[in-house]
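In what follows, a structure is listed as structure tokens, so that the remarks can point back to it.
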Amino acid sequence: MNAYRAKPLRYPWPPLIYGAAIALALAADRLVAPMPLVAPNPVLLPIIGFALALLAVSLDIWAVKTLMERQTAVLGTGCARHLVTCGPFRFSRNPIYLGYTLLTLSLGLIISSAWFLPAALIAAMTAQWSIIRCEEQHLEQRFGFDYECYCKRTRRWI
């Protein structure tokens, strides 16, 4: 199979990874020991959490919309037709995963649980190691020099 037809992933893992991280954080908070976040004003954390969740969802929608407008694969199970370097992809090579990570952190702020911080970190590291690496190999094989130039000017996360 050549690089023009090869798919980076067989299954859409990102939602499963982040969903599992959220489930584990909730389980740890309920079953192991609650680790509440402390703020000077108890209303402050949920407000920041909702604002962060709004930012995360907006970032994901913007990224998906940008990919769809450029007529390329949104899920990692499809072959990329075009190298997308506009929209949120100007600032991050992985804005969708960044949005998932921010959403996981925002849930921790909303329910005031510190378990979501390590959960988001582990989910991001798992995505980096198991998903992003494969997607980057696919894009490098597919777009070569153009992708290498894009990598030099755009950070992987933020």
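Numbering-wise, the sequence shown is residues 128 to 285 according to the numbering used here. We put the beta carbon where it would ideally sit given N, CA and C, even for glycine. Every value quoted in this text rests on a predicted model; they were computed, and no experiment measured them.
Residue pairing of S185 in beta bridges, as defined by DSSP: absent, with no partner found. The DSSP-derived three-state label of P163 is strand.
Bridge partners of S240 according to DSSP: P163. When Cβ pairs closer than 8 angstroms are counted between the two stretches, the segment 186 to 193 is seen to touch the segment 210 to 223, the count reaching three or more. A residue is called buried once 16 or more other Cβ atoms fall within 10 Å of its Cβ, and S257, having fewer, is exposed.
D273: member of the alpha helix (DSSP H) spanning 272 to 280, first to last residue.
Setting aside the 5 residues that flank it on each side, A155 is surrounded in the same chain by W242, each with a C-beta closer than 7 angstroms to its C-beta; the list follows chain order. Setting aside the 5 residues that flank it on each side, T281 is surrounded in the same chain by T212, F216, R217, F218, S219, R220, each with a C-beta closer than 8 angstroms to its C-beta; the list follows chain order. For L151, the enclosing alpha helix (DSSP H) starts and ends at 140 to 154. Between the segment 159 to 173 and the segment 192 to 201, the count of C-beta pairs closer than 8 angstroms stays below three; the two stretches do not touch. When only Cα atoms are considered, L210 and P167 end up about 46 angstroms apart. Here I149 is buried: its Cβ has 16 or more other Cβ atoms, across all protein chains shown, within 10 Å. L194 carries a helical assignment under DSSP once its states are collapsed to helix, strand and coil. Less than 7 angstroms divides the Cβ of S233 from the Cβ of L179.
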